[in-house]
Each structure stands twice: as C-alpha cells, then as structure tokens.
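Under this note's numbering, the first residue of the sequence shown carries the number 175, and numbering increases by one thereafter.
Think of the CB as a built atom: it goes at the ideal place given N, C-alpha and C, for glycine as much as any other residue.
In this text, all values refer to a predicted model and were calculated from it rather than measured experimentally.
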Amino acid sequence: MIVNFHNIELESSEDAFRPTLISEECALKADFKEKKVLDMGCGIGPLAIYFAKNGAAEVDACDIYDKHLELTRLNARRNNVSINIIESDLFQNVTSKYDLICCDVSGVSKNIAEVTGWFPTEVPKADDTGSNLIVRVVEGSPGHLKKGGCLNICTTSFSNIQEIENTMQKSFPDKWEKILEKEVPFSKRLMANLDLLKDEMYLEKDGKYFWIFSMYKLSK
Ligand SMILES: C[S@@+](CC[C@H](N)C(=O)[O-])C[C@H]1O[C@@H](n2cnc3c(N)ncnc32)[C@H](O)[C@@H]1O
C-alpha cells in the first residue's frame, strides 16, 4: 500500500507504522537545511526522506525493527535520495555526532498504543509508562550532538511527562523548551477505551475529549 507524506509517496504494509500528525509536525518544525541529521525511530522513512529531499546535508536513519529498515531502504530508492540506514536499539550502533536529532520514537504507553490501533502488533513500543524510550534518547543525545546541535523530540499525554521533563533538565540544564503543544480530538477507538485512561492523560471540554501532543527542542 502507498501512503503520502508531505507529497512524498511511501510504500507501507499492515505490519508497519504509518506516518501520523506527529510525524507531519516533526517535519515542519525541524531546522534541517544543510545540516547533518539523525532520524531516530525512522519507521518507514517519512522524516529521513523529507529531510534528504528538502536540503539536509546528510541524513542517517535508525530503527530497531527490520521491517521498517527494509521499507525505509525501499522508500529512499523510490524517492531517489541517499540515506544511511542503521539498525540500532536507540543509540547503541550510532557512532556519529549530528547538528539535529529528530526523534519521534514513541511517547505512548503500551496499552494505549495497542487499543488505539496506532501501532500494529509487530511494531516495537514504549513500556507501560510511555516514557522509557524518550528518557533514554534524552540521556543519550548530548554524546551524539555537535556543539550547538539540537534534539527535537515528541511525546504525548499518554506518557509520564514529569519524568521526561526531569530528565531533560538533568541532561540539558535550562537548555530545553516546549516548542509545540496540540490538543487532538479522541478517535472512536480511544473513546471506547476511556476506562483505561488516567485523568492526566486527557482534557474534557464541553463533553469533547482531547489528548495532547507536545514537541520539545533541547540544545547543546
Ligand atoms: C511512533 S513510530 C514513528 C515512526 C516514524 N518516525 C514516523 O514518523 O512515522 C516509532 C518508531 O520507533 C521505533 N522504535 C521503537 N523502539 C525503538 C528502539 N529501541 N530503537 C530504535 N527504534 C525504535 C519503532 O520501530 C517505530 O518505527
């Protein structure tokens, strides 16, 4: 099946993650032109290909899931761009330093990822806190950023935001800020699973329900 991402055609499949609103916002907010960029948790490659097509100097893309790496390789070829693809558990096999690390790895707790259908069964997910992957990326990023480089990272209200922000403060003292916050209306599947949600995971306004997506920029 073909999906469209900012006018880029991408091959996908039932057992792969398809780009979302969060992926789209990541592309729009990234300062990547003429920069060396790492797409951490690349999925089928939307962000890496978008950066490579639109003026990044060099793009690396990493993921832990072999199906995603295979689709990123295929999609890079399909779109005539050159991307260095790395199979890695977060930074484990990443050796370079970057001007920009763009990370949409997963800030959704496992049970929500499953019931919403956002993540096909085979796709690696965050744990029950929703924060474990993001915390590890924040902690690992200072060692993989050039001086003046930035990490753009996303999370959702289905994660432990306090733990994530505490880690940001420890790893990037006073050099992090929230650059985007969006209220997203519940899907039907999310509405049907309201009983699974803790109060802090959503907002209710006039009988309508919203979850929150946040993006942060951390600077070295
Ligand atoms: C929310 S999806 C986003 C994918 C892609 N960035 C996009 O915008 O469509 C999260 C991605 O992180 C990957 N992932 C999960 N755990 C990982 C880990 N430990 N190391 C590397 N990638 C991981 C998943 O395989 C998946 O591709």
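Shown here, residue 371 sits in coil according to DSSP, grouped into three states, outside any helix or strand.
In terms of Cα proximity to residue 214, the closest of 229, 202, 197 and 227 is 197. In the structure shown, residue 243 adopts helical secondary structure according to DSSP, grouped into three states. In the same chain as residue 229, and ignoring 5 residues on each side of it, the C-beta atoms closer than 8 Å to its own belong to 206, 207 and 208, in chain order.
Taking 8 Å as the cut-off, the Cβ atoms of residue 260 and residue 247 do not count as close. Residue 296 sits in coil when the DSSP states are folded into three classes, being neither helix nor strand. Contact between the segment 276-290 and the segment 362-374 is present: 3 or more CB-CB pairs across the two stretches fall below 8 Å. Under DSSP, residue 388 takes part in a beta bridge, and its partners are 329 and 355. Rounded to the nearest whole angstrom, the C-alpha separation of residue 341 and residue 315 is 11 Å. Here residue 377 has 384 as same chain residues with Cβ atoms under 6 Å from its own Cβ, once five neighbours each way along the sequence are excluded. Taking the CA atoms as reference points, residue 371 sits about 42 Å from residue 231. Residue 235: member of the beta strand (DSSP E) spanning 232-237, first to last residue. Distances taken from the Cβ of residue 238 to the heavy atoms of ligand 1 include one shorter than 7 Å. Sorting 290, 240 and 354 by C-alpha distance to the C-alpha of residue 203 places 354 at the top.
In the assembly as shown, residue 330 is a buried residue. Its beta-carbon has 16 or more other beta-carbons within 10 Å. In the structure shown, residue 216 falls within a coil segment according to DSSP collapsed to helix, strand and coil. Secondary structure note for residue 257: it is in no beta strand (DSSP E), with a DSSP letter that is neither H nor E.
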